[in-house]
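Asks: Residue numbers (the UniProt record's numbering): 1 to 533. C-beta: ideal position from N, C-alpha, C; glycine also.
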Ligand code: ADP
């Protein structure tokens, strides 16, 4: 029981706390509510909340910290956002646990959860232009990409999983004599979702839709470079009518918020998308904390194989898209192109001409194909890889420098092609995460398969050929979670996505991901089985 002294202190603190302040547990520390900011984005005024979202309210961080969100097109700050730390994660986990146990959510009709996701999708459609503008200023994406890929990919994911709401069922069996057995698919509990900066809006949807529709609750961490679309989505979560605490969002840094989630004893599952290095850290944290379930979607260095019978113009178009999508900041980018020796020269010439047409510049200019890279650290990393490619003897066929489009201080990079790239060069082995592609020549199918599979990664791969027997044979032999034939970089929310080898654990999207968000409980009913003597 609380002592009289502590009750008096609590009472006194309640009386003196200014309006709008809320209590955190019974401590004398409290968090005030955080407000929204209006950002002018290319002439459009867009309002965005700037707080930590817990129990359906936006709060200031308990420690009083904020961080600046930068526009990659200028390198300048757009807005200050509340920075979560361990104590904020603590409050978010408590809210998520309470919500998980609350009847309103725990025993909810699955169809109701589907309806909430559909409502969220329609609110997104209502606020489409604001959400796209926020995503563009935060990431550097072009309108073309954000409006045809990121936005519909996010809305489509919500609607798709809304449809799964009342279709997740178990099995039943009379096969064991004397018993009737059935299984229940139960939600796992509190899910800590850690997302990266390359597809902030889409990853938000990928990480909430299957988790919520199966009855879990969520503590989300957006990437420190790109929290804005997640902040906006939280506003819509509340408006859609999700019960308080079902979805919480703690913006902040990996070493504090991310690590607190990965190590938390009351988080039951973590789903992470990001680098392989951080993925390992998260898996270790699970092992040394509560063995929370972990799914990981990590890096890649994906091969794109061109046989001599392929339609060369089609190959050039898809291979350019394979690297240019999101300006190379895609884990499944086609960064290693292997071209058969018979068409190598033609391919290099046509591909170079196509890549040279890419217009780099202001991502708000509708004629731009490639905006800035997302952040300075990433641009510096790309430049280091280019230097290493040169040092190791590869030939720069195109680009290789910071683009002059960046005179306003943004992080613009020239589309870059390396030829004469050898298998052991760093630019052929490591993930660069920028518009840089390495091309190499092969002569036989067996040789190219060996080269393609010679990687620690196994996220994606493609083969271009008119010979469908070869296409099937080669895709069967490729060690990758997603393979394409005569196309590249097409991923859909209804089809499983994930990696072989060091590219990840588990699958996202499609029906496959629902396994990751449910525990299967077996129930045996005695139908006349006698107790053993
Ligand atoms: P990138 O190198 O692309 O930024 P990261 O793997 O570092 O990829 O980041 C992806 C997400 O993981 C971000 O939200 C980041 O804050 C978070 N993160 C980074 N370090 C850790 C960590 N040690 N524990 C948990 N999350 C982390």
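Taking 6 Å as the cut-off, is the beta-carbon of residue 545 closer than that to any non-hydrogen atom of the ligand ADP?
Replies: Past the boundaries of the shown model lies residue 545; the chain is included only from 1 to 533, so the question cannot be answered.
Asks: Determine the closest residue to residue 363 out of 140, 36 and 46, with distance taken between C-alpha atoms.
Replies: Of the candidates 140, 36 and 46, the one whose C-alpha sits nearest the C-alpha of residue 363 is 140.
Asks: Helix or strand or just coil, what does DSSP make of residue 488?
Replies: It is coil, neither helix nor strand.
Asks: Can you find at least 3 beta carbon pairs, one from the segment 370-379 and one from the segment 330-345, that sit closer than 8 Å?
Replies: They do not touch, by the three-pair rule.
Asks: Could you say which of 257, 296, 114 and 452 lies nearest to residue 516 if we only look at CA atoms?
Replies: Residue 296 is the option with its Cα nearest to residue 516.
Asks: Could you check which residue in 487, 499, 161 and 62 has the C-alpha nearest to that of residue 321?
Replies: With distances taken between Cα atoms, residue 321 lies closest to 487.
Asks: Please state if the CB of residue 300 and the CB of residue 158 are separated by a distance shorter than 7 Å.
Replies: Result no, Cβ atoms of residue 158 and residue 300 do not sit closer than 7 Å.
Asks: For residue 234, tell me which candidate among 77, 43, 191 and 48 has the shortest Cα-Cα distance.
Replies: It is 48 whose Cα lies nearest to the Cα of residue 234.
Asks: Based on the DSSP output, what are the partners of residue 303 in its beta bridges?
Replies: For residue 303, which the question treats as bridged, DSSP gives the partners 336.
Asks: Ignore the nearest five residues each way along the sequence and tell me which others in residue 274's own chain have a CB closer than 6 Å to its CB.
Replies: Counting only Cβ-Cβ distances below 6 Å, and skipping sequence neighbours, we find 196.
Asks: With DSSP collapsed to three states, give me the class of residue 121.
Replies: Correct three-state label for residue 121: helix.
Asks: Determine the burial state of residue 523: buried for a count of at least 16 other Cβ atoms within 10 Å of its Cβ, exposed for fewer.
Replies: The residue in question, residue 523, is exposed, as its Cβ has fewer than 16 Cβ neighbours within 10 Å.
Asks: Is any heavy atom in the ligand ADP found nearer than 6 Å to the beta carbon of residue 229?
Replies: It does not: the Cβ of residue 229 is nowhere closer than 6 Å to a heavy atom of the ligand ADP.
Asks: Using only CA atoms, which one of 73, 147, 453 and 381 lies nearest to residue 501?
Replies: Ranking the options by Cα distance to residue 501, first place goes to 453.
Asks: Quick one: is residue 138 buried, meaning 16 or more other Cβ sit within 10 Å of its Cβ, or exposed?
Replies: When all chains shown are included, residue 138 counts as buried.
Asks: Quick check on the burial criterion: 16 or more other C-beta atoms within 10 angstroms. Buried or exposed for residue 169?
Replies: The residue in question, residue 169, is exposed, as its Cβ has fewer than 16 Cβ neighbours within 10 Å.
Asks: Buried or exposed for residue 393, please, with buried defined as at least 16 other CB atoms from any protein chain shown within 10 angstroms of its CB.
Replies: Result: exposed.
Asks: Should residue 26 be labelled buried (16 or more other beta-carbon atoms within 10 Å of its own) or exposed?
Replies: In this predicted model, residue 26 has a pLDDT of only 32, less than 50, meaning its place in the structure is not dependable; the value taken from the coordinates is given anyway. It is exposed - the Cβ of residue 26 has fewer than 16 other Cβ atoms within 10 Å.
Asks: At a threshold of 6 Å, does residue 223 count as lining the ligand ADP (C-beta to nearest heavy atom)?
Replies: Yes, the Cβ of residue 223 comes within 6 Å of a heavy atom of the ligand ADP.
Asks: So, at 6 Å on beta carbons, what are the nonlocal neighbours of residue 54 in its own chain, with the 5 sequence-adjacent residues on each side left out?
Replies: 91, 92, 95 and 248, listed in sequence order.
Asks: Given a cut-off of 7 Å, decide if residue 124 and residue 155 are closer than it, judged by their beta-carbon atoms.
Replies: Yes, Cβ-Cβ distance for residue 155 and residue 124 is below 7 Å.
Asks: Quick one: what's got a C-beta closer than 6 Å to residue 172's C-beta in the same chain, skipping five residues either side?
Replies: Cβ neighbours of residue 172 beyond the five flanking positions: 182.
Asks: Pairs of beta-carbons, one from the segment 58-76 and one from the segment 99-107, closer than 8 Å: are there three or more?
Replies: In short, these stretches do not touch, since the Cβ pair count stays below three.
Asks: For the pair the segment 71-89 and the segment 391-411, tell me if three or more CB-CB distances fall below 8 Å.
Replies: With the cut-off at 8 Å, the segment 71-89 and the segment 391-411 touch.
Asks: For residue 160, which of helix, strand or coil comes out of DSSP?
Replies: Correct three-state label for residue 160: helix.
Asks: Whole angstroms is fine: what's the gap from residue 243's alpha carbon to residue 56's?
Replies: When rounded, the distance between both Cα atoms is 8 Å.
Asks: Evaluate residue 62 with the Cβ neighbour count: other Cβ atoms within 10 Å of its Cβ, from every protein chain shown; 16 or more gives buried, anything less gives exposed.
Replies: Classification for residue 62: buried.
Asks: Scan the segment 415-453 and note each continuous beta strand (DSSP E) run of 3 residues or more that stays entirely inside, going in chain order.
Replies: Within the segment 415-453, the complete beta strand (DSSP E) runs of at least 3 residues are 416-419 and 436-442.
Asks: Would you kindly report the start and end of the unbroken alpha helix (DSSP H) that includes residue 234?
Replies: 228-240 is the span of the alpha helix (DSSP H), which, as asked, contains residue 234.
Asks: Between residue 423 and residue 328, is the Cβ-Cβ spacing less than 7 Å?
Replies: Cβ atoms of residue 423 and residue 328: not closer than 7 Å.
Asks: If you run the structure through DSSP and keep just helix, strand and coil, what is residue 47?
Replies: Three-state DSSP puts residue 47 in a strand.
Asks: Please report how far the alpha carbon of residue 151 lies from the alpha carbon of residue 508, in whole angstroms.
Replies: In a straight line, the C-alpha of residue 151 is about 18 Å away from that of residue 508.
Asks: Can you list, in chain order, the residues of its chain with a C-beta nearer than 7 Å to that of residue 113? Leave out the 5 residues immediately preceding and following it.
Replies: Taken in chain order, the residues that qualify are 165, 212, 213 and 215.
Asks: So what does DSSP say about residue 465, is it helix, strand or coil?
Replies: Coil.
Asks: Measure the Cβ-Cβ separation of residue 201 and residue 229 and say whether it is below 7 Å.
Replies: A contact, by the Cβ cut-off of 7 Å.
Asks: Rounded to the nearest angstrom, what separates residue 87 and residue 64 at their Cα positions?
Replies: Approximately 11 Å between the Cα atoms of the pair.
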